[in-house]
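Asker:
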Amino acid sequence: MEKKHLRVIMLYEFDLDHSVSESPQNIRTAWGEDSANECTVPKWYQKFRVGGVDLEDEDRYGRPPKRDHGRL
Numbered sequence: 001m002e003k004k005h006l007r008v009i010m011l012y013e014f015d016l017d018h019s020v021s022e023s024p025q026n027i028r029t030a031w032g033e034d035s036a037n038e039c040t041v042p043k044w045y046q047k048f049r050v051g052g053v054d055l056e057d058e059d060r061y062g063r064p065p066k067r068d069h070g071r072l
């Protein structure tokens with residue numbers, strides 16, 4: 001599953017008012033054991049609480065630039 005899709009699912013769980021401990025269980029039940037873990041969900045819940053709903057990866061030092069494969 002792509003990270004962005006998982007983040008949409010976590011936002012849905014957050015909007016449903018499911019707890020940080022309940023959400024990974026719900027996600028794994030629906031999407032498989034490797035889909036969510038107890039470390040990722042709290043991090044994103046914290047972002048959602050402060051209004052962070054940008055589901056894209058943040059640019060950071062060391063991250064390779066995105067390529068336009070259509071231009072290659």
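Note that full-length UniProt numbering has the sequence shown beginning at 1, numbered continuously upward.
For every residue, glycine included, the Cβ atom is placed at its ideal position computed from N, Cα and C.
No experiment lies behind these values; they were computed from the predicted model shown.
1. I need the DSSP call for M10, collapsed to helix, strand or coil.
2. Quick check on the burial criterion: 16 or more other C-beta atoms within 10 angstroms. Buried or exposed for E2?
3. In terms of residue numbering, what span does the alpha helix (DSSP H) encompassing R22 cover?
4. Looking only at its own chain, which residues have a Cβ that is under 6 Å from the Cβ of P42, when we skip the five neighbours before and after it?
Answerer: Taking the coordinates as given:
1. helix
2. exposed
3. The amino acid at residue 22 is misidentified as Arg; the sequence shows Glu. Residues E22 to W31.
4. V20
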